[in-house]
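Down below is the structure, laid out as structure tokens.
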Amino acid sequence: MAEVQFSEKVYKQIEELKTRYPEGKQKGALIPALHIVQEESNGWLDVPVMDHVAELLDILPIEVYEVASFYTMFNLKPVGKYVLEVCRTGPCMVCGSDKIINHIKKKLNIVEGETTADGLFTLKPSECLGACGYAPMMLLGKSYREFLTVEKVDEILEELKNQA
Amino acid sequence: MAETRLLLKHIDVPGIRTYDVYRAHDGYKAVEKALNMTADEILEEVKISGLRGRGGAGFPTGLKWSFLARPEGVPRYLVVNADESEPGTFKDRYLMEYIPHILIEGIIISCLSLGSNTSYIYIRGEYVWVAEILEKAIAEAKANGWLGKDIKGSGFDLEIYVQKGAGAYICGEETALLESIEGKRGNPRIKPPFPAVKGLWGCPTVVNNVESIASVAPIITMGGAEYAKIGVGRSTGTKLISACGNLRKPGVYEIDMTQTVEEFIYSDEFCGGIANGKRMKACIPGGSSVPMLPANLMLQTADGKPRYMNYESLSEGGFETGSMMGSGGFIVLDEDQDIVYHTLTISRFYRHESCGQCSPCREGTHWMEKILQRMVDGHGTMKDIDLLWNVQGNIEGNTICPLGDAAAWPVASVIRHFRDEFEWRILNGVEGLGKTFGLAHYADPIAIKNEEA
């Protein structure tokens, strides 16, 4: 019996995902399923969560761990309520992403990879997110925030604090 | 000369993202036409069109399709590569976000030719909202009878599924992508066997870039021969270029590949020149893995002829004095940019994205990042330049997949063209921190035009 339970909605979504693959190839649903489950598990994948996904897809737990640890979008440690993923690769860098990252570090008093003491924000420097023409940018949850300036970042942080 | 729009023809039409508006603007006419053609007739049109893979390699699409094995009773798959992760590239996102139905049209026609009843669009995980747009467009197409069982009474069945990745550049490599759809780590497979013979779950599979598949719709509409009249030489049709970096008007442009690089960068119909009245220092014309060129070589080939925005001209001079069309990720750097630091960000990217299977890439990318970091911190030595050259040379050609080459080429190109800046950075040590080398002799010779603007 699994240590964790997901919501009915998640079980239903995973069952639907499994129909997208040929008979016996339901492992194909693993990555999409991990996205769904991570969203419901405070933004990260704990071992019991991954074990339960393994059960649902009828695969070994190790098959889940090896995948979860390979892809950068899966967090294997707790993260803040809001993860600020600021791109710092070439095209964003030449448009001033360092300034954005340094501003966030100073403002929130954290370094790359850290979470603020109140558990609200995690700064996760990222590699190219495909928004090079709209640089500098960050991935925030499910959306992109583009053409960032220091002022814009302040507004975003304020907005998030207010809705937290 | 303005844009030539085939893919983006209706980009300015409000609501073109939705089925009804798309259909009202000749949408799904190409599918209607294709439903009355045989699989071989469709293939023939794609071959005649001269369409070359838009993901970066530039391999002829029709030829790729003709390699697809067709054993009896075995399913065949079309997989659309929407993993777009090459720094500088954001064209597929633009197309899918604004005109998702053209991709669906292209998939239906391609599947008719390939005899595939299931297609997966593998999209990078970060494009969450784009995946939702595609899901919605697929549902609309299905509700209108363009997908599902017995499409428009043709007896042909097709399902399209959107599969999200989860943040791994390597999954843009076709065999790593297939591994990822199967629910595994994105480790590229050894080829042969090629996907056309043994692909997804061991079945014959074609993997094509979003833009390549979307282009199949206009090819069928206008006919392959007409499509081939656009462009120049073996660069036929139109190409989406995603322009970024220090440009006045970054964005996605559809070009017929007859423009000069100068026109593309400086004319107001395209990028509008360098931002903030600066001058161009360097350019990477096809995504971060292709060689970076200094401004002078970007605008003109080594023998002084203008360079054009097409496959042949961009690669003229080989890696000594040329570059590549690649994915069309066009990155421009202005006079204030630090080539050493820029190279560090690119090398860090490839270190982060190496899957770790092959030692030269796994270890080499770490080495390159460390050496470049040392230089950027002001502690580099002259020997480091040769060491960097040596390391990149030991990665290139020694790995299962092209990520190794992609990591090596940009490093090789900057040492080749910007060695004096590396030496200057090293000689100045910590004293040089915060200072930039400037333009030097390879400066953009025509920048004055922009300064007047």
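Going down the list, the sequences are from chains A and B.
Start counting the first sequence at 45; every next residue gets the next number (the working numbering).
Start counting the second sequence at 1067; every next residue gets the next number (the working numbering).
Cβ coordinates follow ideal geometry from the N, Cα and C atoms, glycine included.
Proximity of residue i and residue j at Cβ, strictly below 8 Å
i: P1254(B); j: A1242(B); result: yes
i: Q1458(B); j: V1477(B); result: yes
i: L1505(B); j: E1320(B); result: no
i: I1466(B); j: L1453(B); result: no
i: V1079(B); j: V1087(B); result: yes
i: K1347(B); j: E1401(B); result: yes
i: G177(A); j: R1190(B); result: no
i: I1175(B); j: A1283(B); result: yes
i: R1414(B); j: E1435(B); result: yes
i: P1357(B); j: W1475(B); result: yes
i: G1093(B); j: T1302(B); result: no
i: G1463(B); j: D1471(B); result: yes
Contacting residues, own chain, Cβ-Cβ under 6 Å from residue i (five flanking each side not counted)
i: K62(A); result: Q70, A73
i: F1396(B); result: I1307, A1309, P1351
i: E1518(B); result: For E1518(B), the predicted structure reports a pLDDT of 43, less than 50, and the residue's modelled location is therefore unreliable. A value from the coordinates is still provided. Around E1518(B): no qualifying Cβ.
i: I1521(B); result: Residue coverage of chain B in this structure runs from 1067 to 1519, which leaves residue 1521(B) outside it and unanswerable.
i: V108(A); result: M94, V97, A98
i: A1368(B); result: G1383, T1387
i: T1084(B); result: none
For residue i, the three-state DSSP class (helix, strand or coil)
i: P1258(B); result: coil
i: Y1293(B); result: helix
i: V108(A); result: helix
i: L1365(B); result: helix
i: K1347(B); result: strand
i: I1412(B); result: helix
i: G1395(B); result: strand
i: P1426(B); result: helix
i: E1239(B); result: coil
i: S1420(B); result: coil
i: S1246(B); result: helix
i: K1230(B); result: strand
i: V1480(B); result: helix
i: P180(A); result: coil
i: L1359(B); result: strand
i: R1491(B); result: helix
i: Y1143(B); result: strand
i: S187(A); result: strand
i: A1148(B); result: strand
i: L1505(B); result: coil
i: C131(A); result: strand
i: Y55(A); result: helix
Sequence-distant residues of its chain with Cβ nearer than 7 Å to residue i (five each side left out)
i: E1193(B); result: First, the amino acid is wrong: residue 1193(B) is Tyr here, not Glu. Excluding residues within five positions, the ones whose Cβ falls inside 7 Å are R1159.
i: L192(A); result: I144, P180, M181, M182
i: C1269(B); result: V1140, P1141, R1142, Y1143
i: V1298(B); result: M1323, T1324, N1376
i: G1289(B); result: E1111
Chain-order list of residues whose beta-carbon lies under 8 Å from that of residue i (same chain, five-residue window excluded)
i: V194(A); result: K143, I144, H147
i: K121(A); result: W88
i: I1514(B); result: Low confidence applies to I1514(B): its pLDDT is 49, below 50, so where it sits in the model is not reliable, and the reading given next is rough at best. Cβ within range, chain order: n/a, list empty.
i: S1381(B); result: G1388, S1389, M1390, M1391
i: L1266(B); result: Y1143, V1145, Y1186, L1244, I1247, E1248
i: K205(A); result: L164
i: G1119(B); result: F1125, P1126, T1127, K1130, N1274, N1275, S1278
Contact list for residue i against chain A, beta-carbon separation under 7 Å
i: L1074(B); result: Near L1074(B) there are no residues of chain A at all, since even the closest Cβ is about 15 Å away, more than 7 Å.
i: S1308(B); result: C176, G177
i: I1204(B); result: Within 7 Å Cβ-Cβ: nothing; I1204(B) doesn't reach chain A, min ~12 Å.
i: P1316(B); result: G177
Residues that residue i contacts on chain B, provided the C-beta gap is smaller than 7 Å
i: V111(A); result: G1249, K1250, R1251
i: K71(A); result: E1248, G1249
Residue i Cβ short of 7 Å to the ligand SAH heavy atom set
i: V1146(B); result: Only the bare structure without any ligand can be found here, which leaves the ligand SAH out of the picture.
Contacts that residue i makes with chain B (C-beta to C-beta distance below 9 Å)
i: S85(A); result: Under the 9 Å cutoff, chain B gives no residues; its nearest Cβ is about 15 Å from S85(A).
i: Y115(A); result: G1191, G1231, A1232, G1233, A1234, C1237, S1246, R1251, G1252
Within chain A, partners of residue i - CB distance below 8 Å
i: Y1293(B); result: Neighbours of Y1293(B) on chain A: none; closest Cβ ~27 Å, over 8 Å.
i: E1419(B); result: E171
i: E1150(B); result: G174
i: N1312(B); result: V138, C139
Chain-ordered chain B contacts of residue i [CB-CB under 8 Å]
i: L173(A); result: E1192
Proximal residues of chain A, C-beta to C-beta of residue i below 9 Å
i: V1403(B); result: Before going further, note that residue 1403(B) is Gln rather than Val in the sequence given. The answer, in chain order, is M137, V138.
i: H1408(B); result: G134, M137, V138
Closer than 7 Å at the beta carbon, the chain D residues around residue i
i: R64(A); result: The chain inventory of the structure shown lacks chain D, comprising the protein chains A and B.
- Enumerate, from N- to C-terminal direction, the unbroken beta strand (DSSP E) stretches of 3 or more residues contained entirely within the region 1258-1339 of chain B. Scanning the region 1258-1339 of chain B for uninterrupted beta strand (DSSP E) segments of 3 residues or longer gives 1271-1275, 1305-1311, 1317-1321, listed from N- to C-terminal end.
- Message: To test your reading of the DSSP string, which unbroken beta strand (DSSP E) runs of 3 or more residues are found completely within the region 1169-1224 of chain B?
- Response: Segments of the beta strand (DSSP E) lying fully in the region 1169-1224 of chain B: 1184-1189.
- Message: Ignoring anything shorter than 3 residues, give me the beta strand (DSSP E) runs that lie fully in the region 142-168 of chain A, in order along the chain.
- Response: Listed in chain order, they are 165-167.
- Sequence ranges, beta strand (DSSP E) only - wholly within the region 1082-1128 of chain B, length at least 3: Taken in chain order, the region 1082-1128 of chain B contains no complete beta strand (DSSP E) segment of 3 residues or longer.
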